[in-house]
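Peer 1:
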Amino acid sequence: NAGVTQTPKFQVLKTGQSMTLQCAQDMNHNSMYWYRQDPGMGLRLIYYSASEGTTDKGEVPNGYNVSRLNKREFSLRLESAAPSQTSVYFCASSAGTSSRSSPLHFGNGTRLTVT
Amino acid sequence: KNEVEQSPQNLTAQEGEFITINCSYSVGISALHWLQQHPGGGIVSLFMLSSGKKKHGRLIATINIQEKHSSLHITASHPRDSAVYICAPWAGGTSYGKLTFGQGTILTVHP
């Protein structure tokens, strides 16, 4: 099993460019998440999808959009990249929405630099 | 918002030593996760616990819900344990989006 697959692994953008980070899971999980990780800060939730067809804002949603394309795939789009979006992005999934019973499975991350 | 504090922020040990990493949080929670982030960046879930103690190999996690405190112990540490360890308390509710992550403890184990 591949688990959670993120692409690309690295990306450099110029300010104002757009891009989409792709995420797919093969564990039949209901819930999927996008986090960003910045030096000196804990992981912060950007958006999440509790189930197919639903998406909700997390702690830091500004400048991002998401699409839950189907149960497997959850993409993150930067419409107009800004240097403040330089970060490492992680996609994750869980079987359910209850943190008590569903461990998180993470992708390997995407290192994004915006110049 | 749940304030999460991990200590120490950095920890260096010799192979074979007993390691303890602490996590304190400010808001009552239903469960807490411990995660491991490898030097290459990948993140793995180690434990979820809501009470008492859990053990997996050389790793032991404990939690005291009333004291708002959890600890992660590593017995007989090994250089391959070198990683960042992150605690993430969950305040409850129906949404998993309410996890709060600590900044992490950087563990380095020397041979």
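First to last, the sequence lines map onto chains A and B.
Counting along the first sequence from 1, when you hit position 89 you're at 89 in the numbering used here, and nothing is skipped either side.
Counting along the second sequence from 1, when you hit position 61 you're at 176 in the numbering used here, and nothing is skipped either side.
Using N, Cα and C, we set each Cβ at its ideal position, and we do this for glycine too.
Classify threonine 220 of chain B: buried if its beta carbon has 16 or more other beta carbons within 10 angstroms, exposed otherwise.
Peer 2: If you number the second sequence from 1, residue 220 of chain B lands on position 105. Buried, by the Cβ-count rule.
Peer 1: Is glutamate 182 of chain B near the ligand ADP - that is, is its Cβ less than 7 Å away from at least one heavy atom of it?
Peer 2: The model on display carries no ligand, and the ligand ADP is accordingly not part of it.
Peer 1: Less than 8 Å separating the beta-carbons of serine 192 of chain B and glutamate 130 of chain B?
Peer 2: Taking the second sequence and counting its residues from 1, one reaches residue 192 of chain B at position 77. Taking the second sequence and counting its residues from 1, one reaches residue 130 of chain B at position 15. Yes.
Peer 1: Buried or exposed: glycine 109 of chain A, going by 16 or more other Cβ atoms within 10 Å of its Cβ?
Peer 2: In the first sequence, counting from the first residue as 1, residue 109 of chain A sits at position 109. Buried, since its Cβ has 16 or more Cβ neighbours within 10 Å.
Peer 1: Just checking: is the beta-carbon of leucine 43 of chain A within a distance shorter than 8 Å of some beta-carbon in chain B?
Peer 2: Indexing the first sequence from 1 puts residue 43 of chain A at position 43. Yes, contact with chain B.
Peer 1: Should serine 166 of chain B be flagged as near chain A, meaning a C-beta pair shorter than 8 Å?
Peer 2: To locate residue 166 of chain B, count along the second sequence from 1; it is residue 51. Chain A contact via Cβ: absent.
Peer 1: Ignore the nearest five residues each way along the sequence and tell me which others in glutamate 59 of chain A's own chain have a CB closer than 7 Å to its CB.
Peer 2: As a position in the first sequence, residue 59 of chain A is number 59, starting the count at 1. For glutamate 59 of chain A, where only same-chain residues beyond five positions count, the Cβ hits under 7 Å are Arg44 and Leu45.
Peer 1: Would you give the residue range spanned by the beta strand (DSSP E) that isoleucine 221 of chain B belongs to?
Peer 2: Numbered from 1 along the second sequence, position 106 holds the residue referred to as residue 221 of chain B. Where isoleucine 221 of chain B is concerned, the enclosing beta strand (DSSP E) stretches over 220 to 225.
Peer 1: Assuming glycine 16 of chain A contacts serine 80 of chain A under a Cβ cut-off of 8 Å, what Cβ separation, rounded to an integer in Å, is found between them?
Peer 2: Working through the first sequence from its first residue, we reach residue 16 of chain A at position 16. Working through the first sequence from its first residue, we reach residue 80 of chain A at position 80. With 8 Å as the limit, glycine 16 of chain A and serine 80 of chain A qualify as a contact, their Cβ atoms being about 5 Å apart.
Peer 1: Please identify, using Cβ separations under 8 Å, the residues of the region 42 to 72 of chain A that lie next to chain B, in order along the chain.
Peer 2: Cβ contacts with chain B come from Gly42, Leu43, Arg44, Leu45, Tyr48, Ala50, Asp56 and Gly58.
Peer 1: I'd like to confirm the pairing. Which residues does DSSP put opposite glutamate 120 of chain B in its beta bridges?
Peer 2: Start at 1 with the first residue of the second sequence, and residue 120 of chain B comes out as number 5. Its beta-bridge partners are B/Ser139.
Peer 1: What's the gap between the Cα of glutamine 25 of chain A and the Cα of phenylalanine 90 of chain A?
Peer 2: Position 25 of the first sequence, counted from the first residue, corresponds to residue 25 of chain A. Position 90 of the first sequence, counted from the first residue, corresponds to residue 90 of chain A. One C-alpha to the other measures close to 13 Å.
Peer 1: Spell out the partners DSSP gives methionine 163 of chain B in its beta bridges.
Peer 2: Position 48 of the second sequence holds residue 163 of chain B. Per DSSP, B/His148.
Peer 1: Could you round the C-beta distance between isoleucine 158 of chain B and glutamine 152 of chain B to whole angstroms and report it? I think they count as a contact, below 8 Å.
Peer 2: For the purposes of this step, residue 158 of chain B is identified with residue 43 of the second sequence, where counting begins at 1. For the purposes of this step, residue 152 of chain B is identified with residue 37 of the second sequence, where counting begins at 1. With a Cβ gap of about 5 Å, isoleucine 158 of chain B and glutamine 152 of chain B count as contacting.
Peer 1: Would alanine 198 of chain B be called buried (16 or more neighbouring beta carbons within 10 Å of its own) or exposed?
Peer 2: Here residue 198 of chain B is taken as the residue at index 83 of the second sequence, counted from 1. The residue is buried, with at least 16 neighbouring Cβ atoms inside 10 Å.
Peer 1: Just grab the DSSP bridge partners of alanine 191 of chain B for me.
Peer 2: Indexing the second sequence from 1 puts residue 191 of chain B at position 76. Partner(s): none; alanine 191 of chain B has no beta bridge.
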